[in-house]
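Below is one structure; the comments refer to it alone.
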Amino acid sequence: MRTVDEWIAKTDDEKVPPRVRLRVFEKFGGICQLSGRKIMPGDEWDLDHIKAIWRGGEHRETNLHPVLREKHREKSAEEQSEQAKCDRIRKKHLGIWPKSKASLKGRGFAKTRDV
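So for the sequence shown, the numbering used here puts the first residue at 55; every next one is plus one.
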């Protein structure tokens, strides 16, 4: 049974305290959860959300795992592209995505110049 309460952030951008970083690191045995490599002294590493916040994950201790910084940046870049695509699709479905000006030219909506 756990004797320490789980850390839960008050906001999504709250910094994870060092004591929590250590607990998460030790829970996973110091293994990067993206590469499977042991995180060695001097390696730069981050805590990554297992379920991304934008996908409904929470900023809490049980949703974090240790990852090497380089691998984390690669994963984050992929997730940002995916999130942007999801946002575009959602906006198109809601009718709030700006229509292309090129598609209006052939429909009599072309901009005319004053002479």
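In this text, a Cβ means the ideal position worked out from N, Cα and C, and glycines have one as well. Being a predicted model, the structure only gives us computed values, none of them experimental.
Below 8 Å, how does it come out for the stretch 137–144 and the stretch 113–120: are there three or more Cβ pairs, yes or no? no
Using a threshold of 7 Å, state whether the C-beta atoms of residue 132 and residue 106 are closer than that. By one-based count along the sequence shown, residue 132 stands at place 78. By one-based count along the sequence shown, residue 106 stands at place 52. No, the Cβ-Cβ distance between residue 132 and residue 106 is not below 7 Å.
Counting only the same chain and skipping the five closest in sequence on each side, list residues whose C-beta sits under 7 Å from that of residue 142. Locating residue 142 in the sequence shown gives position 88, counting from the first residue. So the qualifying residues of the chain are 151.
Are the CB atoms of residue 74 and residue 112 nearer to each other than 7 Å? What you label residue 74 is simply residue 20 of the sequence shown in a count that begins at 1. What you label residue 112 is simply residue 58 of the sequence shown in a count that begins at 1. No, they are not a contact pair.
So, using beta-carbon positions, are residue 97 and residue 126 closer together than 7 Å? Here residue 97 corresponds to residue number 43 of the sequence shown, with the count starting at 1. Here residue 126 corresponds to residue number 72 of the sequence shown, with the count starting at 1. Cβ atoms of residue 97 and residue 126: not closer than 7 Å.
Boundaries (first-last residue) of the alpha helix (DSSP H) holding residue 76: Stepping through the sequence shown from its first residue, residue 76 is reached at position 22. Counting along the chain, the alpha helix (DSSP H) containing residue 76 begins and ends at 72–81.
Considering only C-alpha positions, which residue in the set 81, 102, 130, 91 is nearest to residue 69? To locate residue 69, count along the sequence shown from 1; it is residue 15. Ranking 81, 102, 130, 91 by Cα distance to residue 69 puts 102 first.
Beta carbon of residue 84 nearer than 7 Å to that of residue 93: Position 30 of the sequence shown, counted from the first residue, corresponds to residue 84. Position 39 of the sequence shown, counted from the first residue, corresponds to residue 93. Yes, they are a contact pair.
What are the residues that DSSP puts in a beta bridge with residue 101? Stepping through the sequence shown from its first residue, residue 101 is reached at position 47. Its beta-bridge partners are 120.
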